[in-house]
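Everything on this sheet refers to the single structure shown next.
In our numbering, the protein residues as written are 208 to 383.
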């Protein structure tokens, strides 16, 4: 942690972020029908997790199989890791503080069949310091949404971002 400095606490999610996250999970090629939602215990993460679960249901999807939380620091994340993976969903959605998620993901990787490529996160986790804290390949393949409605992905320890799609400007038709 000292090497990377303090990581910011999660900010409240934005509507653009929530839409982008839903779009990632509901893209036709994804075929995701079941999700488990996990979050750290801070207010922004709890709120984001609840908003996702509600938006998921409002989109006509089955309710989340489970809503799991974990502390920012603990002696072990084994119990939370087993609860997070017990339902065997198509995907996991994470709203969390970066440090707690890095530690939780290490436990998931070493102690369960969790797959980071089937895991989607909110903007707070789209920071290259998160995979560095988690360790080599721990989060490879995880994706998420940025606060402005773009997306991010973790590839070989780096977070790459894609800007949100821009709508073309409306041009007047006809003559003036």
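Glycine included, each C-beta is placed from N, C-alpha and C at the ideal position.
Buried versus exposed, by CB contacts within 10 Å (16 or more), residue i
i, result
"residue 246", "buried"
"residue 310", "buried"
"residue 224", "buried"
"residue 228", "buried"
"residue 296", "buried"
"residue 312", "buried"
"residue 292", "buried"
"residue 288", "buried"
DSSP-derived helix/strand/coil call for residue i
i, result
"residue 329", "coil"
"residue 233", "helix"
"residue 360", "strand"
"residue 373", "coil"
"residue 367", "strand"
"residue 299", "strand"
"residue 352", "strand"
"residue 317", "helix"
"residue 307", "helix"
"residue 312", "helix"
"residue 344", "coil"
Pair within 8 Å by beta-carbon distance, residue i and residue j
i, j, result
"residue 333", "residue 351", "yes"
"residue 271", "residue 306", "no"
"residue 253", "residue 275", "no"
"residue 349", "residue 328", "yes"
"residue 299", "residue 325", "yes"
"residue 330", "residue 354", "yes"
"residue 217", "residue 303", "yes"
"residue 244", "residue 262", "no"
"residue 265", "residue 219", "no"
"residue 279", "residue 248", "yes"
- request: Indicate whether the contact test is met: 3 or more Cβ pairs, each with one atom in the stretch 332-342 and one in the stretch 227-234, closer than 8 Å.
  value: no
query: Should the stretch 342-350 be called in touch with the stretch 302-316, which here means at least 3 C-beta pairs below 8 Å?
result: yes
- prompt: Mind pulling the beta strand (DSSP E) runs of 3 or more residues that sit fully within the stretch 215-294?
  reply: 242-247 and 273-277
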